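Have a look at the structure below before the remarks.
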Amino acid sequence: MSFKYYGSRKSGSIGWLLQRITGIFLIFAMVGHYILMHYTPETGHSYEQSIARFSNAYWKMFYLTFITLGLWHGLNGVWSILRDFKMKPWVAITLFGIIVVSGIAFWVLGVSTALKF
């Protein structure tokens with residue numbers, strides 16, 4: 001097993017820090033989402049109530065932020081796990097490309113769905 005210090009550029013320290021920051025936001029966002037959608041069934045289980053909530057700019061920004069940070073948090077976590085494996089450079093580049101392209105595709109899908117309301 002070889003250990004090599006790559007410096008702060010390749011160490012993943014920025015990704016590690018952002019993973020923790022987005023995780024803290026996601027804890028509060030998921031609790032808010034759970035309370036709104038599952039704990040109080042009268043507030044979010046009909047199409048009309050969802051439309052009314054999405055017509056409010058603050059809720060729309062909340063869900064757009066939730067989509068963006070949740071997707072980034074998840075894909076950054078997957079990439080952090082994959083970085084731990086010794087891969088050939090072409091495999092690492094291919095996997096990173098798949099993560100980036102799928103992240104962009106799902107982000108566009110989520111944002112376009114949220115903005116339709």
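Numbering of the sequence shown is given in UniProt numbering, commencing with residue 1 and proceeding in unit increments. A virtual CB, placed ideally from N, CA and C, is assigned to each residue, including glycine. Remember, it's a predicted structure, so these values are computed and weren't measured experimentally.
In the same chain as Gly15, and ignoring 5 residues on each side of it, the C-beta atoms closer than 8 Å to its own belong to Asn76, Trp79 and Ser80, in chain order. CA-CA distance, Ser50 to His33, rounds to 12 Å. Under the three-state reduction of DSSP output, Thr40 falls in the coil class, being neither helix nor strand. In the DSSP assignment, Asn56 falls outside any alpha helix (DSSP H), carrying neither H nor E. Around the beta carbon of Tyr39, fewer than 16 other beta carbons sit within 10 angstroms, so the residue counts as exposed. At the C-beta level, Ala114 and Tyr63 come within 8 Å of one another. About 13 Å separates the beta carbon of Leu71 from that of Phe25, a gap too long to meet the 8 Å contact definition.
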